[in-house]
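Peer 1: One structure coming up, written as structure tokens, with questions to follow.
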Amino acid sequence: MREPTVVAADYFDTYSVVGLLAVIGVLFVAVAFGAGRLLRPVVPTPEKLLTYECGVDPVGEGWAHTQVRYYVYAFLYVIFAVDSIFLFPWATVFAAPGYGATTLVEMFVFLGFLAVGLLYAYKKGVLAWT
Amino acid sequence: MNDALDVAVRLLLVFVAFLVLPLVVGQTEHKVMAHMQGRLGPMYAGGFHGWAQLVADGVKFAQKEDVVPKDADRRVFQLAPAVALLPYLLVLVAIPVAPGSVGAVVDAGIFFALAVMGVGVLGSLMAGWASANKFSLLGGLRTAAQLLAYELPMLLAAASVAMAAGTVSLTGVLDAFEWWWVPWQIVGALVFFVAGLAELQRPPFDMPVADSEIIFGAYTEYTGLRFALFLLAEYAGIVVLCGLTTVLFLGGWHGPWGDDGLGWLWTLLKTAVLAFVVIWLRVSYPRLREDQLQKLAWTTLVPLALAQIALTGIVKVAIS
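Listed in order, the protein sequences are those of chains A and B. According to numbering that gives the first Met the number 0, the first sequence is numbered sequentially starting from 0. According to numbering that gives the first Met the number 0, the second sequence is numbered sequentially starting from 0.
Right under this line is the structure:
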């Protein structure tokens, strides 16, 4: 199956429609915020402007130290997500005439790598909460 | 019809759908939850079964004072609701409703939808960080953790459909659709839907906003219109997720009969049923803990999605 030739200008036409919609969206939010400014009262008091902390005065800074316990997942995610992006262009051609079995084997190699990676993480105890 | 007019009408329809459908889902949620929990729900506003409740809510939100805490990162704080909401408007343009009825035929539709939906989560992260509130920060961190865990199974499940159809265009997927794709891709569909729910932070995946633990997560400091936009983003997200699941896994406008004239009805019906399931899950399941959440994603959904990809590959090569 041959794809018809697509002229770049036509191709970007759809994205200009998307861009137009984005402009409409931004306008919508801007109008909503603008109208809100006209409608609502503004009566700030020092107490009102405090950050909320269960009704008592906030202790220390809001940007407090927190232990990010799942940073290992973040690494896992980056590795996996970057890999899986490559699936999409491949997905459109892998069953084309002349590929068939070869690409299927390639797919299993790819899945194998991912599975081994996941298994390794599992064995290392990364996927269990401490 | 004139090209410019055609585009204008399409964009207008998308925009109207974006404003109306989330409200319909919201009103349905009021009523379905009320019935499932044996109570009345809002009954007063508008007279008949409280149909105008969300309009009344909107009026209230618009009149409420907009408080930005003194310590907050002002600009980021004020911008966050817009960042959370607008991506769903943009995804809506790419979802085909009936043959020829789509806001814009985006060539890399699946890719576009997933990429833009990912931006929506950024709004919650911005809100969580900019509020300078400890609860908000915790909520933001939980949002990030959830995104990391569930973006991947969602991507993999969507890739499986792209493999089946041999295209990444949403209209292309529907053109290639056959009825037996539903049982063939059912595992991928479940993974996609569950992961999508988690990305929207809907119960039972509402750890990031868990009101009994961290007030309202990243949205704790928000009031008035900006808070309303976050709520609208949640419901627009439900519409988009259900629409995408319909198009990718349930055949969109294809039905047992009447594909040509009534295609749009099939799309809306399938989307509505999925939206009902979203509400149903909220009423019936308790909130997952953070570790259960990560465990579900990495040890269940990701392997299932990989298995679905293997199955799709084998079947596709076998039949071609």
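Don't be surprised by glycine CBs; every beta carbon is placed ideally from N, CA and C. These numbers were taken from a predicted model, which means no experiment stands behind them.
#1: Just mark B/Y284 as buried or exposed, buried being the case when its beta carbon has 16 or more other beta carbons within 10 Å.
#2: Closer than 9 Å, Cβ to Cβ, to anything on chain B: give me those residues from the region 65-93 of chain A, in chain order.
#3: If I measure Cβ to Cβ from B/G171 and keep anything under 7 Å in the same chain, skipping five residues before and after, which residues do I get?
#4: Which partner residues of B/S100 appear in the DSSP bridge assignment?
#5: Please confirm if B/E150 has its CB atom under 8 Å from at least one CB of chain A.
#6: Check each candidate in B/G251, B/L137 and B/V276 and name the one with the smallest Cα separation from B/L196.
#7: In three-state DSSP terms, what is B/A188?
#8: Quick one: list the residues of chain B neighbouring A/K47, beta-carbon separation under 7 Å, in chain order.
#9: Is B/C241 buried or exposed, if buried means 16 or more other CB atoms sit within 10 Å of its CB?
#10: With H, G and I counted as helix, E and B as strand and the rest as coil, what does DSSP make of B/L300?
#11: Can you tell me whether B/P182 is buried or exposed, with buried defined as 16 or more other CB within 10 angstroms of its CB?
#12: Which residues in chain B sit within 9 Å of A/V42, going by Cβ to Cβ distance?
#13: Return helix, strand or coil for B/C241, following the three-state DSSP convention.
#14: Is any beta-carbon of chain A found at less than 8 Å from that of B/Q293?
#15: State the CB to CB distance for the pair B/E198 and A/A80, rounded to an integer number of angstroms; the pair is presumed to be in contact (CB under 8 Å).
#16: Between A/L110 and B/A309, how many whole angstroms is the CB-CB distance? I'm expecting something under 8 Å.
#17: Whose CA, out of B/T219, B/E212 and B/Y234, lies closest to the CA of B/R286?
#18: Less than 8 Å between CB atoms is the rule here; does A/V16 satisfy it with respect to chain B?
#19: Can you round the beta-carbon distance between B/L88 and A/G24 to whole angstroms, since I take them to be within the 8 Å contact cut?
#20: Which residue from B/L267, B/V186, B/A71 and B/G236 puts its Cα closest to that of B/G127?
#21: Less than 8 Å between the beta carbons of B/L12 and B/A93, yes or no?
#22: Check whether the Cβ of B/I213 lies closer than 8 Å to any Cβ atom in chain A.
#23: Have a look at B/L121, B/K315 and B/G223 and flag the residue whose alpha-carbon is nearest the alpha-carbon of A/F32.
#24: Count the other CB atoms, across all protein chains shown, that sit within 10 Å of the CB of B/L300; report buried if there are 16 or more and exposed otherwise.
#25: Please state whether DSSP places B/M130 in a helix, a strand or coil.
#26: How would you label B/F176, buried or exposed, when you count the other beta carbons within 10 angstroms and need 16 or more for buried?
#27: Please check if any C-beta of chain A sits within less than 8 Å of the C-beta of B/W297.
#28: Would you mind telling me which residues of chain A sit closer than 9 Å to B/E220, beta carbon to beta carbon, in chain order?
Peer 2: The structure says:
#1: exposed
#2: T65, V67, R68, Y69, Y72, A73, L75, Y76, V77, F79, A80, S83, I84, L86, F87, P88, W89, A90, T91, V92 and F93
#3: So the qualifying residues of the chain are A164.
#4: B/A97
#5: yes
#6: B/V276
#7: helix
#8: V66
#9: buried
#10: helix
#11: With fewer than 16 neighbouring CB atoms inside 10 Å of its own CB, B/P182 falls in the exposed class.
#12: E64
#13: helix
#14: yes
#15: Not a contact, Cβ separation roughly 13 Å.
#16: 6 Å
#17: Comparing Cα positions, the closest option is B/E212.
#18: yes
#19: Confirmed, Cβ separation roughly 5 Å.
#20: B/A71
#21: no
#22: It does not; no Cβ of chain A falls within 8 Å.
#23: Relative to the Cα of A/F32, the nearest Cα in the group B/L121, B/K315 and B/G223 belongs to B/G223.
#24: buried
#25: It should be pointed out that residue 130 of chain B corresponds to Ser in this sequence rather than to Met. Coil at B/S130, not helix or strand.
#26: buried
#27: yes
#28: T50 and Y51
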